[in-house]
Amino acid sequence: MKRTGLDDTDVSSYRPISNLTVLSKLLERLVARQLMRYLYFFDLLPSLQSGFRPGHSTETAVLRVLSDILLAADRGEVSALVLLDMTAAFDTVKSVNHSVLLQRLQ
C-alpha cells in the first residue's frame with residue numbers, strides 16, 4: 010500500500026506492479042558482462058585483482074599474500090604487512106575531509 014490508513018479493499022490504494030527492477034538487473038548483467046569482456050580482451054585488469062573475477066576470491070587473495078610472505082622469508086628477506094580497516098571510515102553523516110585522512114595515513 011502507498012500509505013497506512015488507506016482502504017485495503019480499494020485497488021487505487023496499492024502501488025502498481027513494476028518490472029523495472031527485473032529489467033534493470035538484466036541490463037546491469039549485460040553491461041557488466043560486456044565490460045568484463047572488454048577488460049579481458051585489452052588486458053586491462055591487474056593480474057593480482059581478486060574482486061569480481063571468476064576463479065578469484067578472498068581466499069585466493071589471502072593465499073597469494075601468504076605465499077609472497079613465505080617466499081620472502083625463505084629468501085631471508087623481511088616482510089611487513091599493513092592492514093587498514095576502512096569500513097567505518099566513510100560511515101558518517103558528515104563528509105570526510107580527504108586531506109586530513111591522507112595526512113593521517115602518511
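According to our numbering, the residues represented by the sequence shown are 10 to 115, in order. Just so it is clear, CB atoms sit at the ideal spot from N, CA and C, and this is done for glycine as well. No experiment lies behind these values; they were computed from the predicted model shown.
Would residue i be called buried (16 or more neighbouring beta carbons within 10 Å of its own) or exposed?
i: V31; result: exposed
i: M10; result: Annotation note: pLDDT 46 at M10 (below 50); position unreliable, no value reported.
Would you mind reading off the limits of the alpha helix (DSSP H) that contains residue i?
i: L39; result: 29 to 50
i: D83; result: 67 to 83
i: Q112; result: 107 to 114
What whole-angstrom Cβ distance do residue i and residue j have, given they're in contact under 8 angstroms?
i: S66; j: S59; result: 6 angstroms
i: L15; j: S22; result: 4 angstroms
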